[in-house]
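K.L.:
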Amino acid sequence: MFSLPKIPYITSWYQSRSVGASAAADGAVVDLPPVPVHHIETATEKPARTLKHLIRLNHINNAVYFNNNLFHNHVVHLLASAYLLGADGNHLNKLYEEESQPLSRWTESPSEIIREDWRDYLGKKEYQRAYVDFFEDEIYHLRYDWEGVLKKFLFNGKHPLINNLVAGLTHPLIHLAYAYELGHKDVAVEALVLATTSYDDKHKYLDNPSYLKEPARYSTKSILEILAKIKNDSQFDGVFRRPGYHNIELLYSKYEKVLLDHWRAWDLTPVQHSSGKSNLNTQFQQAQYAAAALAVGSTTSYVDKDHPEKKHDFFLIHILTSLHAIRVLLPIIPAEYHTSLLRQWHLVVVTLYITQLRPSIDPDEIARYPTKNRDWSWAEMQALTGEWANDAHFVKTVRALKAAGATWEEEKWWYLRAALKFIDEFKGWGGHTGAVPNLSAF
Numbered sequence: 185m186f187s188l189p190k191i192p193y194i195t196s197w198y199q200s201r202s203v204g205a206s207a208a209a210d211g212a213v214v215d216l217p218p219v220p221v222h223h224i225e226t227a228t229e230k231p232a233r234t235l236k237h238l239i240r241l242n243h244i245n246n247a248v249y250f251n252n253n254l255f256h257n258h259v260v261h262l263l264a265s266a267y268l269l270g271a272d273g274n275h276l277n278k279l280y281e282e283e284s285q286p287l288s289r290w291t292e293s294p295s296e297i298i299r300e301d302w303r304d305y306l307g308k309k310e311y312q313r314a315y316v317d318f319f320e321d322e323i324y325h326l327r328y329d330w331e332g333v334l335k336k337f338l339f340n341g342k343h344p345l346i347n348n349l350v351a352g353l354t355h356p357l358i359h360l361a362y363a364y365e366l367g368h369k370d371v372a373v374e375a376l377v378l379a380t381t382s383y384d385d386k387h388k389y390l391d392n393p394s395y396l397k398e399p400a401r402y403s404t405k406s407i408l409e410i411l412a413k414i415k416n417d418s419q420f421d422g423v424f425r426r427p428g429y430h431n432i433e434l435l436y437s438k439y440e441k442v443l444l445d446h447w448r449a450w451d452l453t454p455v456q457h458s459s460g461k462s463n464l465n466t467q468f469q470q471a472q473y474a475a476a477a478l479a480v481g482s483t484t485s486y487v488d489k490d491h492p493e494k495k496h497d498f499f500l501i502h503i504l505t506s507l508h509a510i511r512v513l514l515p516i517i518p519a520e521y522h523t524s525l526l527r528q529w530h531l532v533v534v535t536l537y538i539t540q541l542r543p544s545i546d547p548d549e550i551a552r553y554p555t556k557n558r559d560w561s562w563a564e565m566q567a568l569t570g571e572w573a574n575d576a577h578f579v580k581t582v583r584a585l586k587a588a589g590a591t592w593e594e595e596k597w598w599y600l601r602a603a604l605k606f607i608d609e610f611k612g613w614g615g616h617t618g619a620v621p622n623l624s625a626f
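Residue numbers (my numbering): 185 to 626.
Have a look at this one:
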């Protein structure tokens, strides 16, 4: 293991944009310092070089989906999280060997993609290879300015890709954050491939203003309060017998109106602080707190003879890790898209909380959890050498909790306790009742 070297920070795009500057002036922005950027493509330390080579190896050989395009390639997520927690080169190599075993090799797409028709294949996973070739060509034409290519395809057009990054269970969003944190072109290309091939009709809730013009039945800045109201909403009683992604289609086909009532309830009006600044930091801080409480403080409530042991919910954990990705992205994307990222994330929160049977949440249980003289060094060691060190979502969770604790100094001990509780109680992932999850549903 090793200590990460001092590194520069990700720079912001929105400061030079007129619309973004206006949004920032109005306070409709989360005002947080940028996170460090690890330029692994030019780094000289062995762990960084190893990570660079393994990411390249994965990019060349392995598709972004496998098992009939139902599952995502998590090599980048696992290796990057382990690296950022202090893994050495040998450990990264071992993780790659384990994580890459079930992956699929690239196969040819039905046809190539060009600038004139790149949107014609949105949502079609069979075109993943064609999208890789297309975006790599675009980077070449832009003199290898991969950040410029991201800006070109994420923020332009009537329906910009940025408004649908939560499709595919938030994997495009998470992958994009790793691209910036690692400063790596291949990860950026894969993020665009995930964003295009996962694209679905949920973008309409952000692209069509009418969905937010309808007045909310109630309003609050607290995600936990919204979840409490959903839990007590009798309209959802008895709708689902088992948790799982298969519930999403029924939820949107028959209960869209009531779901959107709770979605609209999140008040993203900027809060003025004693410093005189107005921003959305209060809402974001409470959102990270709620995401951690939901991911760690609740276990899947569905238990049957085939699943006798309560486990952490596989889907709800993405609420935490995707919000960490948003924390990475907020200081660098145009300010006009801050509320877009937050609202689409909140749509995932409301959706998954309902489909996963509205489990009870108790943040105070985390606050009371004993540390037993353990600190972040112990938690990091468990993520890197413990029983679940090969599990991408386990390692990502520990890393997301640590980053949240670093962001909110006044809550750092609560996040440490959350990580310790998660590590101590983790027995694998539940929430999908043994069925193969259809990640195309969101």
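Every residue, glycine too, gets a C-beta built ideally from N, C-alpha and C.
When burial is assigned at 16 or more other CB atoms within 10 Å of the CB, is A590 buried or exposed?
P.N.:
exposed
K.L.:
If I measure Cβ to Cβ from G612 and keep anything under 6 Å in the same chain, skipping five residues before and after, which residues do I get?
P.N.:
K495, listed in sequence order.
K.L.:
Could you tell me if K236 is buried or exposed, where buried requires 16 or more neighbouring beta carbons within 10 angstroms of its beta carbon?
P.N.:
buried
K.L.:
Taking the alpha-carbon of A212 as reference, which of F468, A509, I545 has the nearest alpha-carbon?
P.N.:
Ranking F468, A509, I545 by CA distance to the CA of A212 puts F468 first.
K.L.:
Could you pull out every residue in the same chain whose Cβ sits closer than 7 Å to the Cβ of K415, ignoring the five residues on either side in sequence?
P.N.:
Around K415: R542.
K.L.:
Starting from K308 and walking both ways along the alpha helix (DSSP H), at which residues does that stretch end?
P.N.:
Element bounds for K308: n/a, residue is neither H nor E.
K.L.:
Taking the DSSP output, what are the residues bridged to T453?
P.N.:
Answer is none; T453 lacks a bridge partner.
K.L.:
My output table needs one value for R613: the three-state DSSP class, helix, strand or coil.
P.N.:
Note that residue 613 corresponds to Trp in the displayed sequence, not to Arg. Three-state DSSP puts W613 in a strand.
K.L.:
Which of helix, strand or coil does DSSP assign to T539?
P.N.:
Note: T539 maps to helix in three-state DSSP.
K.L.:
If T381 sits next to K309, beta carbons under 8 Å apart, how far is it from one beta carbon to the other, in whole angstroms?
P.N.:
5 Å
K.L.:
Would you list, in sequence order, the uninterrupted alpha helix (DSSP H) runs of no fewer than 4 residues that lie entirely inside the segment 202-256?
P.N.:
With a minimum length of 4 residues, the continuous alpha helix (DSSP H) runs that stay inside the segment 202-256 are 202-210, 230-245.
K.L.:
Do you know offhand how far P518's Cα is from N246's?
P.N.:
About 32 Å.
K.L.:
Taking C-beta to C-beta, are A563 and V582 nearer than 8 Å?
P.N.:
yes
K.L.:
At which residue ranges does the segment 466-528 contain complete alpha helix (DSSP H) runs of 4 or more residues, listed in the order of the chain?
P.N.:
501-513
K.L.:
Which one of F420, P344, Y305, V221 has the shortest CA to CA distance from Y521?
P.N.:
Comparing Cα-Cα distances from Y521 to each of F420, P344, Y305, V221, the minimum goes to P344.
K.L.:
Relative to the C-alpha of I298, which residue among V316, L241, L287 is closest?
P.N.:
V316
K.L.:
Between E225, L408, P399, L514, which lies nearest to L360 when the distance is taken from Cα to Cα?
P.N.:
L514
K.L.:
So what does DSSP say about S394, is it helix, strand or coil?
P.N.:
helix
K.L.:
Look at the alpha carbon of H243 and the alpha carbon of E374, and state the distance between them as a whole number of angstroms.
P.N.:
8 Å
K.L.:
Reducing DSSP to helix, strand and coil, say where S458 ends up.
P.N.:
coil
K.L.:
Drop a sphere of 10 angstroms on the beta-carbon of R601, count the other beta-carbons inside from all chains shown, and report buried for 16 or more, exposed for fewer.
P.N.:
Classification of R601: buried, given that the 10 Å Cβ count is 16 or more.
K.L.:
Starting from L357, trace the alpha helix (DSSP H) both ways and give me its first and last residue.
P.N.:
355-366
K.L.:
Shortest alpha-carbon distance to K586 belongs to which of L269, R558, Y537, P554?
P.N.:
L269
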